[in-house]
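Student: Let me begin by handing over the structure; questions about it come next.
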Amino acid sequence: MSNSLDSYLVLSAFLFAIGTFGFLARRNAISMLMSIELMLNAVNLSILAFGAFEAQLKTHAAVIALLIIAVAAAEATVGLAIVIAIYRNRKTPLVDEYDSMRE
Amino acid sequence: MPIGNSIPLVGVRWDDVLFVVLAATLLGSALLVVTLRDIIRCGLALTLSFASLAGIYALLGDPLVAATQVLVYIGAISILILFAIMMTQTKNAPTRLVFQTQAWIAAVAAAVIAVVIAATVLATAWPSGGQRLATGTADVAHLLFSDYVLPFEVVSVLLTAAVVGAVYLARREVSRREEDRS
Numbered sequence: 001m002s003n004s005l006d007s008y009l010v011l012s013a014f015l016f017a018i019g020t021f022g023f024l025a026r027r028n029a030i031s032m033l034m035s036i037e038l039m040l041n042a043v044n045l046s047i048l049a050f051g052a053f054e055a056q057l058k059t060h061a062a063v064i065a066l067l068i069i070a071v072a073a074a075e076a077t078v079g080l081a082i083v084i085a086i087y088r089n090r091k092t093p094l095v096d097e098y099d100s101m102r103e
Numbered sequence: 001m002p003i004g005n006s007i008p009l010v011g012v013r014w015d016d017v018l019f020v021v022l023a024a025t026l027l028g029s030a031l032l033v034v035t036l037r038d039i040i041r042c043g044l045a046l047t048l049s050f051a052s053l054a055g056i057y058a059l060l061g062d063p064l065v066a067a068t069q070v071l072v073y074i075g076a077i078s079i080l081i082l083f084a085i086m087m088t089q090t091k092n093a094p095t096r097l098v099f100q101t102q103a104w105i106a107a108v109a110a111a112v113i114a115v116v117i118a119a120t121v122l123a124t125a126w127p128s129g130g131q132r133l134a135t136g137t138a139d140v141a142h143l144l145f146s147d148y149v150l151p152f153e154v155v156s157v158l159l160t161a162a163v164v165g166a167v168y169l170a171r172r173e174v175s176r177r178e179e180d181r182s
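Here the protein sequences line up with chains A and B, keeping their order. Be aware that the first sequence starts at 1, since it is given in the working numbering, and climbs by one per residue. Be aware that the second sequence starts at 1, since it is given in the working numbering, and climbs by one per residue.
Okay, here's the thing in structure tokens:
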């Protein structure tokens with residue numbers, strides 16, 4: 001089971017779907033950011049799985065995964081800073097109460 | 001004492017056991033992240049899912065990426081998320097309804113995505129390498145600083161910009177009156 005590419009890719013697909021559900025369904029802005037982290041991790045897992053089963057992609061996959069981790073860290077930093085800035089103005093972390101542009 | 005390739009008496013390979021345990025931990029904790037009501041527990045479950053994913057990376061033969069996962073995701077991003085949770089939690093926030101009202105549509109969409117991707121993966125004939133050899137850290141370093149040196153530099157500029165931007169966005173606004181007084 002651990003020797004077939006299929007199992008890793010299916011695992012990655014499930015993780016991505018869980019992240020999608022969390023991003024669409026949660027009301028808390030920080031929960032949505034956590035779901036984005038899950039989706040990024042799913043993508044990283046599939047890249048590394050491709051690298052592990054294709055000899056000429058092996059090192060490239062590791063390098064690309066490292067770059068993705070760095071970009072994800074930058075994204076998390078800026079995203080959480082934006083959430084904290086909005087929270088300071090609106091006093092709520094719930095995204096469906098950010099409706100002042102609707103009126 | 002060396003242990004064999006497979007568990008004695010049962011004949012199941014250690015790799016398979018590790019994969020099943022890590023994958024179950026990963027999917028279970030990811031489900032807890034998106035369904036738990038208490039958001040601080042969501043953050044802790046997220047840490048657990050990062051950790052089990054690091055184990056899967058090591059199983060795939062990428063020890064450097066597994067170490068980076070532990071350092072960056074568990075060490076930095078989880079802590080950042082936990083701090084952000086603590087800064088935005090209010091006692092009187094409504095905690096009973098964690099989902100949007102259209103959550104079931106999101107659930108259907110996520111299930112469709114999972115089924116479609118899984119079906120596509122299973123229907124495609126992938127090359128089966130079989131041997132998962134460990135990536136050498138020296139090879140990664142050589143590649144990172146030869147072919148990938150431009151993305152590397154761009155990422156370092158991006159990280160600097162992200163740090164500056166985060167400090168600018170999250171700092172406390174100095175009110176006009178305090179500025180006049182000083």
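Every residue gets a Cβ at the ideal spot worked out from N, C-alpha and C, and that includes glycine.
1. Taking the CB atoms as reference points, tell me whether MET124(B) and ALA62(A) lie closer together than 7 Å.
2. Let's see if you can read the secondary structure: which residues bound the alpha helix (DSSP H) around SER7(A)?
3. Any C-beta of chain A within less than 8 Å: which residues of the segment 40-54 of chain B qualify?
4. Three or more beta-carbon pairs under 8 Å between the segment 31-39 of chain A and the segment 64-83 of chain A, yes or no?
5. Considering only residues of the same chain and omitting the five flanking positions on each side of ASN28(A), which have a CB-CB separation below 8 Å?
6. Sorry if obvious, but does the Cβ on LEU48(A) come closer than 6 Å to a heavy atom of the ligand GTP?
7. Among ARG132(B), VAL34(B), GLY28(B), which residue has its Cα nearest to the Cα of MET1(A)?
8. Would you please verify whether the beta carbon of SER46(A) is less than 7 Å from any beta carbon of chain B?
9. Just the C-alpha distance for ARG26(A) and ARG37(B), rounded to the nearest angstrom, thanks.
10. Here's the rule: buried if 16 or more other CB atoms are within 10 angstroms of the residue's CB, otherwise exposed. What is GLY43(B)?
11. Where ILE74(B) and ALA51(B) are concerned, what is the direct C-alpha to C-alpha distance, given to the nearest angstrom?
Tutor: So, to answer that:
1. Looking at the sequence shown, residue 124(B) is not Met but Thr. No, these two residues do not count as a Cβ contact at 7 Å.
2. 5-25
3. CYS42, GLY43, LEU46, SER49, PHE50, LEU53
4. yes
5. PRO93, LEU94, VAL95
6. You won't find the ligand GTP in this model; it holds no ligand whatsoever.
7. ARG132(B)
8. no
9. 10 Å
10. buried
11. 7 Å
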